[in-house]
Every structure is written in C-alpha cells, then in structure tokens.
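**Student:** Protein chains in written order, with the numbering used here: chain A, -13 to 102; chain B, 14 to 125. The C-beta atom is built at its ideal place from N, Cα and C for all residues, glycine as well. Quick caveat: nothing in here was measured; it's all calculated off a predicted structure.
(1) Helix, strand or coil: which one does DSSP assign to residue 87 of chain A?
(2) Considering only residues of the region 59 to 109 of chain B, which uninterrupted beta strand (DSSP E) runs meet the minimum length of 3 residues and lie entirely inside it, listed in chain order?
(3) Quick check: the region 55 to 62 of chain B against the region 34 to 42 of chain B, are there 3 or more CB pairs under 8 Å?
(4) Would you kindly check if the distance between the Cβ of residue 26 of chain B and the Cβ of residue 126 of chain B is under 9 Å?
(5) Quick check: the Cα distance between residue 33 of chain A and residue 48 of chain A, rounded to an integer number of angstroms?
(6) Please confirm if residue 112 of chain B has its CB atom under 9 Å from at least one CB of chain A.
(7) Let me know the secondary structure DSSP gives residue 14 of chain B once reduced to three states.
(8) Based on DSSP bridge pairs, tell me the residues matched to residue 124 of chain B.
(9) Any heavy atom of the ligand HEM within a distance shorter than 8 Å of the CB on residue 61 of chain A?
(10) Helix or strand or just coil, what does DSSP make of residue 42 of chain B?
(11) Closer than 9 Å, Cβ to any Cβ of chain B: which residues of the region 69 to 97 of chain A, in chain order?
(12) Considering residue 53 of chain A, what are the terminal residues of the beta strand (DSSP E) in which it resides?
(13) If you follow the beta strand (DSSP E) that residue 97 of chain A is part of, which residue opens it and which one closes it?
(14) Are the Cβ atoms of residue 50 of chain A and residue 60 of chain A separated by less than 9 Å?
(15) Would you decide whether residue 68 of chain B is buried or exposed? Buried here means 16 or more other CB atoms lie within 10 Å of its CB.
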C-alpha cells in the first residue's frame, strides 16, 4: 500500500527554468508534508515543509503547494540550477494519537536533472 | 552538516552476526527515527523514540531492536544478520513530533 506516490521517476529541465515535482497521497490523516533532496549514499537533506492548514509555503527558490482536496502537493524550484540535480523525495506524516508518535512516509523519489 | 551523527559509516559483517548502529541526534532534539533503505527501495520507517520512549513502530523485524538513552543518543541493534539485511540505515532527529526531521549520513551495512 503505497500511501505516498511520486509518479515521475525522472525530470529534466534547463537551467534557469522552473522545475515542478509532484506528489500524491492517499491517507487523509496526513497533516504534515516535507520535501527532501538526496544524493547517492548520503542522507536526505530537508528542503521545505508545509502543514495541512496551509496551502503554500515559500523559502527562497523553493515553494511547496498543497491541495488537500486533491491530496496532491508539488515542489516548485525557480530558477533551477545545475546544483539542484538530485533525487527529490516527498514525505508525509500523521500523528499517531495513541502514542503521540509519528513517522515519515516517503514517496519513491524523482530524479531531477538540471541541464546547463 | 545536519547535526545528526551516525557511526560507523560502513560496516561489513558475516551472516548470523550482531551489530550495533549508533546515532547522536541534533542538540535539543528529543525525537529519533530509524529508517532502512535497501537497494532499489525507498526509505522504510523502522521505529521512533521520543525522550527515551518508543512512540511509533514500523515493519521492524523481531531480530532488530532499538533504544534511546538518557543522553538522547540512540542505538539500533541488528542480530542474526541475513544477506537481505544489507542496506543503508539512516537515523533522523526532530525537536518534536510533526516537525522537520534531519537525517544523518547513514550507516552502510554489508552482510557477507
């Protein structure tokens, strides 16, 4: 049961253009969403997050949009730079009310390549 | 540098053996998470601890166990190792539940 899906395994864009990475989820209990960037054999690097009470969060070149009714979120990178080339993971979290615990459920990742 | 430290970075061991992976969270973070990334697979949640208490559990094998100590560092113990346990094991920490989690560089475990 893949609760978080990134349907595009790869995306290629030109330097300076916009990169749009998409993510869909099925669990309506998710209330916190995050994007991570990852290089091979390294740990994921946190990029940006959004709470379910918001529909947009912006941090520099990165903006995350959340559409709760569609259970969809996206990450926009503007302008894209060659150094942005990496695998991008979206993740979602829900509070486990019985224990006050949580877990991040990750998508499969999208390989972004930004061409000079 | 995320501030999360994992040791060792690499570990090679034989089937049937037991190993311990160590994680030091970021200063001030009370929550520690463990994840496994096998070849060609995504990040799979194993377990969460918060201030010494287990708070959430994923599909963690019975051969695996973890704990968080009073100084908030955590250890993941893997026993009766099998070839299929070869993977990257990541630790992450966060201040609270439902906040940003920051990952360490991982421990690459190879079981031969």
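**Tutor:** With the structure as the only source:
(1) Start at 1 with the first residue of the first chain, and residue 87 of chain A comes out as number 101. Three-state result, residue 87 of chain A: strand.
(2) 66 to 70, 77 to 81, 87 to 91 and 100 to 107
(3) no
(4) It is not possible to answer for residue 126 of chain B, since the shown part of chain B is limited to 14 through 125.
(5) As a working note, residue 33 of chain A is residue 47 in the first chain. As a working note, residue 48 of chain A is residue 62 in the first chain. Approximately 8 Å, taken between the alpha carbons.
(6) On the second chain, position 99 is the one that residue 112 of chain B refers to. It does: the Cβ of residue 112 of chain B has a partner Cβ on chain A nearer than 9 Å.
(7) Numbered from 1 along the second chain, position 1 holds the residue referred to as residue 14 of chain B. If DSSP states are grouped into helix, strand and coil, residue 14 of chain B belongs with coil.
(8) The residue you call residue 124 of chain B lines up with position 111 of the second chain. According to DSSP, residue 124 of chain B bridges with B:26.
(9) In terms of ligand content, the structure shown is empty, and the ligand HEM therefore cannot be addressed.
(10) Translated into positions along the second chain, residue 42 of chain B becomes position 29. Here residue 42 of chain B sits in coil by DSSP.
(11) 75, 77, 79, 80, 81, 82, 85, 86, 87, 88, 89, 90, 91, 92, 93, 94 and 95
(12) Taking the first chain and counting its residues from 1, one reaches residue 53 of chain A at position 67. First-last of the beta strand (DSSP E) with residue 53 of chain A: 48 to 53.
(13) Counting from 1 along the first chain, the entry for residue 97 of chain A is found at position 111. Unbroken beta strand (DSSP E) run through residue 97 of chain A: 96 to 101.
(14) The residue labelled residue 50 of chain A in the question sits at position 64 within the first chain. The residue labelled residue 60 of chain A in the question sits at position 74 within the first chain. Yes, Cβ-Cβ distance for residue 50 of chain A and residue 60 of chain A is below 9 Å.
(15) Locating residue 68 of chain B in the second chain gives position 55, where the first residue counts as 1. With 16 or more other Cβ atoms within 10 Å, it is buried.
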